[in-house]
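S.K.:
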Amino acid sequence: MKANLSHFEASILFALFTSVVLGIITKRTDRERWRYGLYCFGCFVGALFGLSWLMYLGHG
Amino acid sequence: MADTAVVEKQPSVPIGTWLPAVALGWVVPGAGHFLLKKYYRGAMLLGSVALVFIFGLLMRGAFFEPQGGDLLTTVIYYGGFLCNLMSGLFYFLAVWLGYAQPDMAGHVHDYGTKFLVAAGLLNVLAMVDAYEIASGKKD
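Protein chains in written order, with this note's numbering: chain H, 3 to 62; chain R, 121 to 259.
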């Protein structure tokens with residue numbers, strides 16, 4: 003059994019799980035954890051699209 | 121006259137209060153939180169670290185082995201090995217059951233290797249959190 007994930011899928015999975023852990027360990031209330039987890043996930047996805055476009059445009 | 125800053129030294133926390141939670145959190149990710157009766161957080165941490173590790177294995181990622189040489193090689197291979205070790209039981213079980221893969225070219229394998237390292241690093245964060253809870257710095 004092998005998972006053949008694309009760059010996008012692997013990056014999204016990484017962003018998701020990392021955001022969950024960062025949300026849990028850094029904040030003190032459940033509401034703050036949700037907010038921070040979603041914020042981290044948004045930042046990851048934003049960076050993913052930004053860097054992807056940068057590489058696409060930089061590649062010519 | 122220069123002001124003298126008064127630095128309050130926090131009392132050190134006895135090792136017996138946090139070591140069991142941190143050590144257990146290393147062996148089984150999230151178990152330190154279970155020991156501290158933070159079941160919801162422990163379950164979320166266990167699930168996250170386990171899924172990252174399992175996806176790493178499914179993508180046929182390779183485990184790092186200690187390897188010397190130039191500075192960069194030493195840092196990468198020893199660092200990667202330490203990060204793999206921080207996954208605790210997952211790492212030992214995977215090696216023992218023969219899931220350690222040879223390092224292969226390809227983006228999927230490369231992501232897999234990074235996922236296996238990331239699982240260990242996420243567990244380090246979980247262990248730090250368990251330490252803070254056990255030592256009373258956090259509820």
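Cβ coordinates follow ideal geometry from the N, Cα and C atoms, glycine included.
Source: prediction; values computed, not measured.
Under the rule that 16 or more other beta-carbon atoms within 10 Å means buried, what is H/A49, buried or exposed?
M.R.: The residue given as residue 49 of chain H occupies position 47 in the first sequence. Exposed is the call here.
S.K.: Taking CB distances under 7 Å as the criterion, tell me whether H/V47 reaches chain R.
M.R.: Start at 1 with the first residue of the first sequence, and residue 47 of chain H comes out as number 45. By this cut-off, H/V47 is not an interface position.
S.K.: Would a C-beta distance cut-off of 7 Å place R/L236 and R/G199 closer than the cut-off?
M.R.: As a working note, residue 236 of chain R is residue 116 in the second sequence. As a working note, residue 199 of chain R is residue 79 in the second sequence. Not closer than 7 Å, so no.
S.K.: Counting only beta-carbon separations shorter than 7 Å, does H/I26 have a partner in chain R?
M.R.: Looking up residue 26 of chain H in the first sequence gives position 24. Yes, H/I26 counts as interfacial toward chain R.
S.K.: Grouping DSSP H, G and I as helix and E and B as strand, with all else coil, what is R/A151?
M.R.: What you label residue 151 of chain R is simply residue 31 of the second sequence in a count that begins at 1. If DSSP states are grouped into helix, strand and coil, R/A151 belongs with the helices.
S.K.: Let me make sure I understand the geometry here. Which of R/G256, R/K258, R/A250, R/K257 has the alpha-carbon closest to that of R/P140?
M.R.: Translated into positions along the second sequence, residue 140 of chain R becomes position 20. Checked all of R/G256, R/K258, R/A250, R/K257; the closest Cα to R/P140 is R/A250.
S.K.: Along chain H, which residues have their Cβ under 7 Å away from the Cβ of R/F183?
M.R.: Locating residue 183 of chain R in the second sequence gives position 63, where the first residue counts as 1. Within 7 Å Cβ-Cβ: nothing; R/F183 doesn't reach chain H, min ~17 Å.
S.K.: Restricting to Cα atoms, I'd like to know which of R/Q221, R/K257, R/L242 is closest to H/K4.
M.R.: Looking up residue 4 of chain H in the first sequence gives position 2. H/K4 has its Cα closest to that of R/Q221, out of R/Q221, R/K257, R/L242.
S.K.: Which chain H residues sit within Cβ distance under 7 Å of R/L144?
M.R.: Along the second sequence, one-based indexing puts residue 144 of chain R at 24. By Cβ distance, chain H contributes nothing, its closest Cβ being about 16 Å from R/L144, past 7 Å.
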